[in-house]
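In our numbering, the protein residues as written are 64 to 279.
Each residue gets a CB set at the ideal place from its N, CA and C atoms; glycine is no exception.
One structure is given here, and the rest of the page talks about it.
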């Protein structure tokens, strides 16, 4: 299986498979058919089989899927066992909420540092880490070598901050800055997250009474 042969729509569905299977494990369920999984996820059994076949397929006809095995294999495909070192830039309300509630260790990351340029935030404890001044980023990256940066900063600063972080060795961005970040560097990936866009989508659906599948 070559990574570039898997469509992005399938990649987008992998975390949802991982989450649903994790919930089933926590409920003590040991195996499940593609039909039963499809009913829970509001997909089709055919869609699930097609998605999983992109990675070799994991079910047995007449038996279904071993949930523990499938959950583990999808986790490996996603990369949750890689322990990517991450830093968070911007210790405001959003940054603090993400640092505190995201449970990075369950999703393949370790949050190793939090930074802000506001002197009033520097020194505070957030998620067990002391907020450091942004001026200390260079020394921190040279010592700890994080590869992922979470941006919870104003949109006006995003492009410049991202460029500086790439020079410090960052190769991936989780961007909450309300700016469509594009980093023109080979091997640097960006996940732009627009919470406002999601809310506007909900506004449209509520206004027009449109009911769409919970996942496409």
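> Given residue 284, which residues of its chain have a CB within under 8 Å of its CB, disregarding the five upstream and five downstream residues?
Replying inline: Because the chain spans 64 through 279 in this model, residue 284 falls outside it and cannot be assessed.
> According to the Cβ coordinates, are residue 240 and residue 263 closer than 9 Å?
Replying inline: no
> Can you tell me whether residue 169 is buried or exposed, with buried defined as 16 or more other CB within 10 angstroms of its CB?
Replying inline: exposed
> Who does residue 172 pair with in a DSSP beta bridge?
Replying inline: 147
> When the Cβ atoms of the segment 236-255 are set against those of the segment 206-225, are three or more pairs found closer than 8 Å?
Replying inline: Enough Cβ pairs lie closer than 8 Å, so yes.
>> Can you confirm whether the segment 178-192 touches the segment 142-153 when touching is taken to mean that 3 or more C-beta pairs between the two stretches lie within less than 8 Å?
In response: yes
>> Counting C-beta neighbours from all protein chains within 10 Å, is the total for residue 252 16 or more, i.e. buried, or is it exposed?
In response: exposed
> Could you check where the beta strand (DSSP E) with residue 235 kicks off and where it finishes?
Replying inline: 235-238
> Taking Cβ positions, are residue 115 and residue 133 nearer each other than 9 Å?
Replying inline: Yes. Within cutoff.
>> Is the beta carbon of residue 196 closer than 9 Å to that of residue 205?
In response: no
>> For residue 92, which residues in the same chain have their Cβ closer than 8 Å to its Cβ, ignoring the five residues on either side in sequence?
In response: 130
>> Between the alpha carbons of residue 77 and residue 164, how many angstroms are there, rounded?
In response: 21 Å
>> Excluding the 5 residues flanking residue 261 on each side, which residues of the same chain have their C-beta closer than 7 Å to its C-beta?
In response: none
> Which residue or residues does DSSP assign as beta-bridge partners of residue 128?
Replying inline: Residue 128 pairs with 95.
>> Just verifying my parser: in three-state terms, what is the DSSP assignment at residue 116?
In response: helix
>> One question on the structure: do residue 127 and residue 99 come within less than 9 Å of each other, judged by their Cβ atoms?
In response: Contact flag set, yes.
>> Are the CB atoms of residue 147 and residue 171 within a distance shorter than 9 Å?
In response: yes
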